[in-house]
Amino acid sequence: MERVYNFSAGPAVLPEEVLKEAAEEMMSYERSGMSVMEISHRTPLFQSIIDEAEQDLRDLMHIPDNYKVLFVQGGGHMQFAMVPMNLMKNGKADYLVSGLWSKKAAKEAAMYGDVRIAANGEESGFTCLPDVKDLSFREDADYVYLCLNNTIYGTMWHQLPDTGDIPLVADISSCFLSEPLDVSKFGLLWGGVQKNVGPAGLAIVIIREDLIREDVCPNTPTMMRYKTYADSGSLYNTPPVYSIYICGKVFRWLKQLGGLEEMKEMNERKASLLYDCLDSSRLFTPTAAEKDRSLMNVTFVSGDPDLDARFVREAEEHGLMNLKGHRSVGGMRASIYNAMPVAGVEALVSFIKEFEKNNS
Ligand SMILES: *Cc1c(COP(=O)(O)O)cnc(C)c1O
C-alpha cells in the first residue's frame, strides 16, 4: 500500500514502524491469541503496557519523581475544564491567550472562577507572541495558563514567563515530545496525544503532586478529578487501552531514535528547510512572526485565497495531503510532527518551487 505525506494538524501522521508493529500484533498480542483491544485492562498483560508507557515517557522527558503521569480520556477540551475544576482553590487564574485553544480554555475556566486575560494576541491575528518580560500576574492567582505551541497559527513560546511561585500550566498538545522541556518549570503539563504522539481520545497529564487536591470545585464529577486518576494508576475505569498501547510504542520509537535532543535537531532541520524555502519565495509568505515560529506547524499564504485553494488541490495530486490551513484562518498549514520524514518536507519544498515557477 502506497503511503502519502500527511501534513494534517491532527489526528496526524504516526511513525510507519509503529503502525507496522501494531499491524503485526493485531491478531495476537504477545502470543495471547487476542488483540490489545480484546484484553481486560485488569490483566498483567495490559498492566505492563501502561507501566512501560509511563516509564518510557518519564525517561524521555526526565519527569521528576514528585510528578504524576495520568492517562485521561476526553482529549483536549476536557482538560480545558479539568484544569480549573481541580486547580482553582482561590477561584482565580490568569490566562495568556495566544490562539484559539487558549481562548477556548480561558472561556471554559471562566465558568468556574475569575479569569484574567493577562495577554491577548487577538488583535494581531495571533501571528506573534508578547515579550515574556512584559507580562505580569496576580499574586493570588491559582495558576497561570498558556498554550505552548499554537497549532492553528504556527507560533510557539520559545521563552517562558516567570510566574514566581504561581504554578504554570501548559497545553503542550502540538509540541508534545518535539524537543526537550524542563518539566520542573511547570505545575501541570497536559497534551492531547492525537497531534504528535498517538490516536485521538487520550490526553496525558503531568502534574506536580502537591497540586493533586481533595478539595476541588464542588460537584466535580469523579472522572474529572485528577486525584481519581492518580490514586488508581489511571485505571479507575476502563481506559482507552489501544490509544495507550500505541503511545507506548511511539515512546519506544523516540527512545530508539535517541530521545528528545535528537528529535529537536531533526525537527529544526525539517522546519528550516521549509521556512528557508518560504522566506525566499516570491509567491508565499510565512504568517508567524519569525521570532515565534513553531517547529511543528508552519503556516503560510499567497495572499490570494483562490491561488491558495489551487495550491492545496494540486499538492494533493502530488501525494502531499492536508495542507489546508485551519478553517478559522485559511491559507496553508504544514504540520511537520516528529513522524513526518525529512523526505516529506523535501517533497513539499520541491512542490512549492514548482508551483511558484508555474504561477509567476
Ligand atoms: C487540537 C488541540 C486542542 C484540542 O484538542 P481536542 O482533543 O480536539 O479537544 C487543544 N489544544 C491544542 C494545542 C491543540 O492543538
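Under our numbering, read the sequence shown as residues 508 to 867, first letter to last.
Here a beta-carbon is modelled for each residue, glycine too, at the ideal position from N, C-alpha and C.
None of these values were measured; they are calculated from a predicted model.
Reduced DSSP secondary structure (H/G/I, E/B, other) of residue i
i: residue 699; result: strand
i: residue 800; result: strand
i: residue 568; result: helix
i: residue 793; result: strand
i: residue 577; result: strand
i: residue 596; result: coil
i: residue 663; result: strand
i: residue 601; result: strand
i: residue 736; result: helix
i: residue 743; result: coil
i: residue 808; result: strand
i: residue 526; result: helix
i: residue 678; result: strand
Any non-hydrogen atom of ligand 1 within 7 Å of residue i CB
i: residue 678; result: yes
i: residue 658; result: yes
i: residue 681; result: yes
i: residue 610; result: no
i: residue 701; result: yes
i: residue 754; result: no
i: residue 628; result: no
i: residue 517; result: yes
i: residue 583; result: yes
i: residue 724; result: no
Whole-number beta carbon distance between residue j and residue i, since they are thought to touch under 8 Å
i: residue 778; j: residue 520; result: At roughly 15 Å, the Cβ-Cβ gap does not stay under 8 Å, so residue 778 and residue 520 are not in contact.
i: residue 679; j: residue 577; result: So it is not a contact: roughly 14 Å between Cβ atoms.
i: residue 564; j: residue 758; result: 5 Å
i: residue 603; j: residue 625; result: 6 Å
Endpoints, beta strand (DSSP E) assigned at residue i
i: residue 625; result: 621-627
i: residue 714; result: 709-715
i: residue 762; result: Taken as a continuous stretch (DSSP letters only), residue 762 belongs to no beta strand (DSSP E), being part of the alpha helix (DSSP H) at 748-764.
i: residue 842; result: 839-842
i: residue 651; result: 650-654
i: residue 613; result: Premise fails: residue 613 lies in the alpha helix (DSSP H), 607-616, not in any beta strand (DSSP E).
Extent of the continuous alpha helix (DSSP H) run through residue i
i: residue 784; result: 767-786
i: residue 813; result: 812-824
i: residue 850; result: 849-865
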